[in-house]
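Numbering (the numbering used here), first residue to last: 122 to 260.
Using N, Cα and C, we set each Cβ at its ideal position, and we do this for glycine too.
Quantities reported herein were computed from a predicted structural model and do not represent experimental measurements.
Shown next, in structure tokens, is the structure this report addresses.
Right, dumping it as structure tokens:
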């Protein structure tokens with residue numbers, strides 16, 4: 122069993138200069154078989170902020186391990202005032218099946234782009250769909 126309560130993102134990001142202004146708290150609870158072949162858990166990221174400006178009060182989701190793959194399921198929360206949903210899969214055996222899909226509806230464009238230079242590029246209500254195929258090089 123793995124349990125993590127209140128991990129500080131600011132401290133976790135200290136080694137990554139571009140993530141330094143990121144803050145929030147992470148909770149993770151998961152149970153896995155001894156050989157990590159199966160398992161499941163839940164996570165939550167609370168009070169996610171960039172330079173002390175709130176991005177998300179809470180984002181949560183489920184993690185599932187089965188059949189040699191890690192699945193991110195039922196990701197949901199509020200981000201920049203919009204509704205965030207997502208899912209994903211990571212497998213080393215068949216990297217062509219790896220993906221992440223995020224959908225953000227009705228977000229505040231200024232809040233969403235605040236972490237980036239030129240934050241005034243988006244103004245008003247914004248919808249975003251991100252689809253990534255992840256092909257890691259396995260050696």
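* Residue interval of the beta strand (DSSP E) (run including residue 145) -> Taken as a continuous stretch (DSSP letters only), the beta strand (DSSP E) holding residue 145 covers 143 to 153.
* **Distance between beta carbons of residue 160 and residue 154, contact taken as under 8 Å** => 6 Å
* For residue 143 versus residue 164, is the C-beta spacing smaller than 8 Å? -> no
* Asked: Of the residues 229, 221, 202, 228, which one's Cα is nearest the Cα of residue 251?
  -> Ranked by how close their Cα comes to the Cα of residue 251, the residues 229, 221, 202, 228 have 221 in first place.
* Beta-carbon proximity list for residue 202, same chain, < 8 Å, skipping 5 on both sides -> 227, 228, 229, 232
* To do: Starting from residue 80, trace the alpha helix (DSSP H) both ways and give me its first and last residue.
  => Missing from the structure shown is residue 80; the chain here goes from 122 to 260 and no further.
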